[in-house]
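For the numbering used here, count along the sequence shown from 1 and bump the result up by 2.
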Amino acid sequence: MQLTLYVLYYKQVLVTNCCRVVSRLIFGGRVRRQSSIAVVLRRFSSMNTIFFIGQLVGVSSILAALLFLLAKLVSRHRCSHVQDGYGHAVLITGCDSGFGHQLALCLDRKGFVVFAGCLSPEGAGAQSLSRQSSSNLKILKLDVTSDEDVQQAKKTVQENLPEKGLWAVVNNAGISDWAEIEWSSIEDFQHMVDINLFGCIRTSIAFLPLVRATKGRMVYMSSIFSFFNCLNMGAYSVSKRGLEAFADCLRVEMASFGVKVSIIQPGNFGQATNIVKMKTSFDIWEKLDEEQKQTFNRQYIELASEYFMSMCKTGFKNADLVIDAMLHAVTSAQPKYRYVLASATDTFFFLLFPFLPTVLTDAVFSLSSMYAKRKEMLYAK
Ligand SMILES: NC(=O)c1ccc[n+]([C@@H]2O[C@H](COP(=O)([O-])OP(=O)(O)OC[C@H]3O[C@@H](n4cnc5c(N)ncnc54)[C@H](OP(=O)(O)O)[C@@H]3O)[C@@H](O)[C@H]2O)c1
């Protein structure tokens, strides 16, 4: 406060002197006293005391407003923080394996009522989930591409809601595949988008009213491939970029209802889950027509396949980083908008990447050895 008063005092002195200098410059020493405008300026300088008081009032009201906002923020902080899950429910899609499976067990241990959506409730993943969890965890049959499954799941959730309602929906179900765009059919793209994008949209629309009632959380499993464009990930990138557009728009709309929306962008965790689609160069070759076989020769397809599989082996071996981020998004008072999950150096690069000009981001790929080999092999065919 004392500092503010000093600042205001020196500002007053400065304003007074400026007025004097301006009046001298404009009217000169001789005519200064006769000029009515100069008189006005002098009066202006004498009015600085009033300004000073005005400024004091202004600063105090700004400080009061800031304190009020801070208090609101702290009270919100308290409201939206979920220390333990007692009385709260969470719906997670894609719990047969991987991140969804592990998150379901974590949240069950924290006392949440977990509705674990599984593609195959009779399958090994769902059964093992059932064995390892408490009676608070309920397995639901939930194929996110099916309206019927989603509506039935909503009905079951509504009928079994604990006292504090549905706190969060974690849109985790997803598939991945890899292929160059020209090796893919429209059906490949549609299948990917049906699950990764429309599956999330369908589930979100159905469950949003329940989450809005608790001012809870919507969490979306995206990927670094939503913004990192590279060889072989066309269909996957399309689905995840679309998903992020949806989540970003939803965040803006939900802000006024107090619902927070988070996007999780894991890097390479292929070894920690079942996401990597195993396929051989033969599987790809068989799908190509004669013209494609001419363009992409067999050796290149083999190289691409080996390269892709070797890249998958370089990733994280366990899912802890992702599960911690999912837990944070569900339980923290201040969930992040985005969680980029990669090694420290990769994270720095990925955070920077979306802001770089296209000419630079494209250049990153042209520098890779694989890209150079591709160019050489396809050109030399
Ligand atoms: N692992 C990574 O490196 C990585 C990186 C970035 C993003 N992600 C994203 O993380 C999410 C979870 O993947 P994950 O790595 O844990 O792989 P995952 O082990 O394969 O888990 C995905 C789950 O989704 C289920 N699923 C597939 N189609 C479905 C459908 N139509 N309806 C409902 N569930 C369906 C799968 O069931 P089945 O097991 O029966 O097929 C599986 O349980 C995905 O959205 C994925 O894109 C993963």
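Beta carbons: idealized from backbone N, C-alpha and C, even for Gly.
> Between S99 and ligand 1, is the CB less than 7 angstroms from at least one heavy atom?
Replying inline: The sequence position of residue 99 within the sequence shown is 97, counting from 1. Under cutoff, so the answer is yes.
> Taking the continuous alpha helix (DSSP H) assigned at Q294, which residues delimit it?
Replying inline: Taking the sequence shown and counting its residues from 1, one reaches residue 294 at position 292. 292-297 is the extent of the alpha helix (DSSP H) around Q294.
> Sorted by chain position, which residues of the same chain lie with C-beta nearer than 8 angstroms to E304's C-beta, five sequence neighbours on each side aside?
Replying inline: Your numbering for residue 304 matches position 302 in the sequence shown. Taken in chain order, the residues that qualify are S283.
>> I need the DSSP call for Y1, collapsed to helix, strand or coil.
In response: Beyond the ends of the chain as shown, which are 3 and 383, falls residue 1; an answer cannot be given.
>> Could you compute how far the alpha carbon of K338 sits from the alpha carbon of S264?
In response: By one-based count along the sequence shown, residue 338 stands at place 336. By one-based count along the sequence shown, residue 264 stands at place 262. Cα to Cα, K338 sits roughly 6 angstroms from S264.
> By the 10 Å Cβ neighbour count, where 16 or more other Cβ atoms means buried, how is G31 classified, buried or exposed?
Replying inline: Here residue 31 refers to the residue found at position 29 of the sequence shown. Residue placement at G31 cannot be trusted, given a pLDDT of 44 that sits under 50; the coordinates are not used to answer.
> Who are R219's beta bridge partners in DSSP?
Replying inline: Position 217 of the sequence shown, counting from 1, holds the residue named residue 219. In DSSP, R219 forms a bridge with A170, K262.
>> Considering only the alpha carbon of each residue, which of K375, D291, I325 lies closest to A274?
In response: On the sequence shown, position 272 is the one that residue 274 refers to. Measuring from the Cα of A274, the nearest candidate turns out to be I325.
>> Measuring only the C-alpha atoms, how far is M3 from P268?
In response: Here the question's residue 3 lines up with position 1 in the sequence shown. Here the question's residue 268 lines up with position 266 in the sequence shown. Residue placement at M3 cannot be trusted, given a pLDDT of 40 that sits under 50; the coordinates are not used to answer.
> Between M223 and I266, which are expected to be in contact by the criterion C-beta below 8 angstroms, what is the C-beta distance as a whole number of angstroms?
Replying inline: As a first step, residue 223 must be located in the sequence shown, where it is residue number 221. As a first step, residue 266 must be located in the sequence shown, where it is residue number 264. The pair is a contact, with the Cβ atoms about 5 angstroms apart (cut-off 8 angstroms).
>> By DSSP's criteria, T380 is part of a beta bridge. Which residues make up the other side?
In response: Position 378 of the sequence shown, counted from the first residue, corresponds to residue 380. Contrary to the premise, residue 380 reads as Leu rather than Thr in this sequence. DSSP lists no partner for L380.
> Can you list, in chain order, the residues of its chain whose CB lies under 6 angstroms from that of Y309, leaving out five sequence neighbours each side?
Replying inline: Against the sequence shown, residue 309 aligns to sequence position 307. Hits under 6 angstroms: M372.
> With distances taken from CA atoms, which of E161, N231, L58 is nearest V366?
Replying inline: Residue 366 sits at position 364 when you count from the first residue of the sequence shown. Out of E161, N231, L58, N231 has the C-alpha closest to the C-alpha of V366.
>> Taking the alpha-carbon of S258 as reference, which of L369, K319, A215 has the nearest alpha-carbon?
In response: For this step, residue 258 is matched to residue 256 along the sequence shown. Checked all of L369, K319, A215; the closest Cα to S258 is A215.
> How long is the line joining the alpha carbons of L16 and S62, rounded to whole angstroms?
Replying inline: One-based indexing of the sequence shown puts residue 16 at position 14. One-based indexing of the sequence shown puts residue 62 at position 60. Residue placement at L16 is flagged as unreliable, the pLDDT there being 45, under the threshold of 50; the coordinate-derived value follows with that caveat. Rounded to the nearest angstrom, the two C-alpha atoms are 22 angstroms apart.
> Near R35, what residues of its chain come up, given a Cβ to Cβ distance below 6 angstroms and the 5 sequence neighbours on each side ignored?
Replying inline: For the purposes of this step, residue 35 is taken as the residue at position 33 of the sequence shown. In this predicted model, R35 has a pLDDT of only 45, less than 50, meaning its place in the structure is not dependable enough to derive any value.
> Closer than 7 angstroms: is that where the CB of M235 sits relative to any heavy atom of ligand 1?
Replying inline: Position 233 of the sequence shown, counted from the start, is the residue given in the question as residue 235. M235: no, Cβ never under 7 angstroms from ligand 1.
>> Excluding the 5 residues flanking Y238 on each side, which residues of the same chain have their C-beta closer than 8 angstroms to its C-beta?
In response: As a working mapping, residue 238 is identified with position 236 in the sequence shown. Excluding positions up to five away in sequence, the list reads S178, D179, W180, M194, N198, S225, F227.
> From L58 to L65, what distance separates their C-alpha atoms?
Replying inline: Along the sequence shown, one-based indexing puts residue 58 at 56. Along the sequence shown, one-based indexing puts residue 65 at 63. So the alpha carbons of these two residues sit roughly 10 angstroms apart.
>> Can you check whether the C-beta of S345 is within less than 8 angstroms of a C-beta belonging to chain C?
In response: Absent from the structure is chain C; it holds one protein chain and no more.
> P337: beta carbon under 7 angstroms from a heavy atom of ligand 1?
Replying inline: Working through the sequence shown from its first residue, we reach residue 337 at position 335. No - ligand 1 has no heavy atom lying nearer than 7 angstroms to the Cβ of P337.
> For ligand 1, any of its heavy atoms closer than 7 angstroms to the Cβ of T275?
Replying inline: The residue you call residue 275 lines up with position 273 of the sequence shown. Yes, the beta carbon of T275 sits closer than 7 angstroms to at least one heavy atom of ligand 1.
> If we ignore side chains and look at the alpha-carbon of each, how far apart do V172 and L93 end up?
Replying inline: Translated into positions along the sequence shown, residue 172 becomes position 170. Translated into positions along the sequence shown, residue 93 becomes position 91. Each residue's alpha carbon lies about 6 angstroms from the other.
> Count the other CB atoms within 10 Å of the CB of C251; is the residue buried (16 or more) or exposed (fewer)?
Replying inline: Position 249 of the sequence shown, counted from the start, is the residue given in the question as residue 251. Exposed.
> Taking W185 as the reference, which of G260, W287, Q154 has the closest Cα?
Replying inline: Locating residue 185 in the sequence shown gives position 183, counting from the first residue. Nearest C-alpha to W185: W287.
> Of all the alpha helix (DSSP H) runs that stay within the bounds of the segment 337-374, which reach a length of 4 or more residues?
Replying inline: 346-354, 360-368
>> Just to confirm my understanding: we take G201, look at its own chain, exclude 5 residues before and 5 after, and list those with CB closer than 7 angstroms. What are they?
In response: Position 199 of the sequence shown, counted from the first residue, corresponds to residue 201. Excluding sequence neighbours, G201 sits near V146, T147, A175.
>> Does M194 come out as helix, strand or coil in the three-state DSSP assignment?
In response: As a working note, residue 194 is residue 192 in the sequence shown. Reduced to three states, the DSSP call for M194 is helix.
> Q104 to V278, Cα distance in whole Å?
Replying inline: Here residue 104 corresponds to residue number 102 of the sequence shown, with the count starting at 1. Here residue 278 corresponds to residue number 276 of the sequence shown, with the count starting at 1. Computed Cα separation, rounded: 17 angstroms.
> In whole angstroms, what separates the C-alpha of G89 from that of F114?
Replying inline: Counted from its first residue, the sequence shown places residue 89 at position 87. Counted from its first residue, the sequence shown places residue 114 at position 112. Each residue's alpha carbon lies about 7 angstroms from the other.
> Is it buried or exposed for D291, if we count other Cβ within 10 angstroms and need 16 for buried?
Replying inline: Indexing the sequence shown from 1 puts residue 291 at position 289. When all chains shown are included, D291 counts as exposed.
> Rounded to the nearest angstrom, how far is the Cβ of A106 from that of C97, given a contact under 8 angstroms?
Replying inline: Taking the sequence shown and counting its residues from 1, one reaches residue 106 at position 104. Taking the sequence shown and counting its residues from 1, one reaches residue 97 at position 95. About 5 angstroms; that satisfies the 8 angstroms criterion.
> Is the number of C-beta pairs between the segment 112-131 and the segment 155-174 that are closer than 8 angstroms three or more?
Replying inline: yes
> So what does DSSP say about G113, is it helix, strand or coil?
Replying inline: Residue numbering aside, residue 113 sits at position 111 when the sequence shown is read from its first letter. G113: coil per DSSP, three-state reduction.
>> So, with DSSP's three-state summary, where would you put M311?
In response: Locating residue 311 in the sequence shown gives position 309, counting from the first residue. Here M311 sits in helix by DSSP.
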